[in-house]
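Residue numbers (the numbering used here): 4 to 170.
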């Protein structure tokens with residue numbers, strides 16, 4: 004990683020590379036153009052939704068924003084993960100999705116740990132939060148395995164968070 008700004012570099016984990024979206028990839032997702040470097044079931048609906056929101060939220064394309072999840076073994080894009088800038092009172096929300104063909108391998112947990120670690124180094128951020136519906140037990144497990152703690156229930160949503168121990 005570059006010493007000038009670690010957020011500009013790809014995040015590399017044991018099995019994944021989390022790298023920023025390119026404008027070409029955003030356009031391809033929105034146009035329905037296929038890339039040879041995508042898993043056969045990428046993009047999922049959530050990826051298309053995020054790609055469609057970049058116009059309204061250009062800050063999501065900055066170094067602390069959204070990234071594609073690339074499986075190192077195959078080089079294929081298998082999902083996306085992102086931070087929803089800007090933070091609100093030091094709290095930043097995270098969201099993620101892995102395509103169905105790659106679920107059950109721990110990729111979402113691995114990616115969530117890595118991006119949460121980066122987020123907690125960002126200026127003015129002391130907490131990363133996520134919300135999940137109780138009807139999505141897989142996502143609940145991802146957050147719990149990534150170290151998030153349940154802190155609130157709001158209607159049909161359970162809120163999780165992880166706080167920088169130095170805060």
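Just so you know, even glycine gets a beta-carbon here, dropped at the ideal spot from N, CA and C.
These numbers were taken from a predicted model, which means no experiment stands behind them.
Within the continuous beta strand (DSSP E) that includes residue 64, where are the two ends? Premise fails: residue 64 is in no beta strand (DSSP E) and is neither H nor E.
List the endpoints of the continuous alpha helix (DSSP H) containing residue 32. 26-34 is the span of the alpha helix (DSSP H), which, as asked, contains residue 32.
Counting along the chain, where does the alpha helix (DSSP H) carrying residue 43 start and finish? Run containing residue 43: none; DSSP gives neither H nor E here.
Quickly, what does DSSP pair residue 133 with across the bridge? List them, please. Its beta-bridge partners are 163.
Any 3 or more C-beta pairs closer than 8 Å across the segment 109-120 and the segment 146-166: The segment 109-120 makes contact with the segment 146-166: 3 or more CB pairs, one atom from each, lie closer than 8 Å.
In terms of residue numbering, what span does the alpha helix (DSSP H) encompassing residue 104 cover? For residue 104, no alpha helix (DSSP H) run applies, since DSSP gives it neither H nor E.
I'd like to check one pair, residue 125 with residue 16: are the Cβ atoms closer than 9 Å? No, Cβ-Cβ distance for residue 16 and residue 125 is not below 9 Å.
Roughly how many angstroms lie between the CA atoms of residue 87 and residue 142, to the nearest whole one? Rounded to whole angstroms, the gap between the alpha carbons of residue 87 and residue 142 is 18 Å.
Which residue comes first and which comes last in the beta strand (DSSP E) that contains residue 156? Residues 152-157.
From 119, 162 and 70, residue whose alpha carbon lies closest to that of residue 139: Considering only alpha carbons, the answer is 162.
Between the segment 61-72 and the segment 19-26, can you find at least three pairs of beta-carbon atoms closer than 8 Å? Judged by Cβ distances under 8 Å, the segment 19-26 makes contact with the segment 61-72, as three or more pairs qualify.
For residue 31, which residues from the same chain have a beta carbon less than 8 Å from its beta carbon, with the 5 sequence-adjacent residues on both sides left out? 37 and 38.
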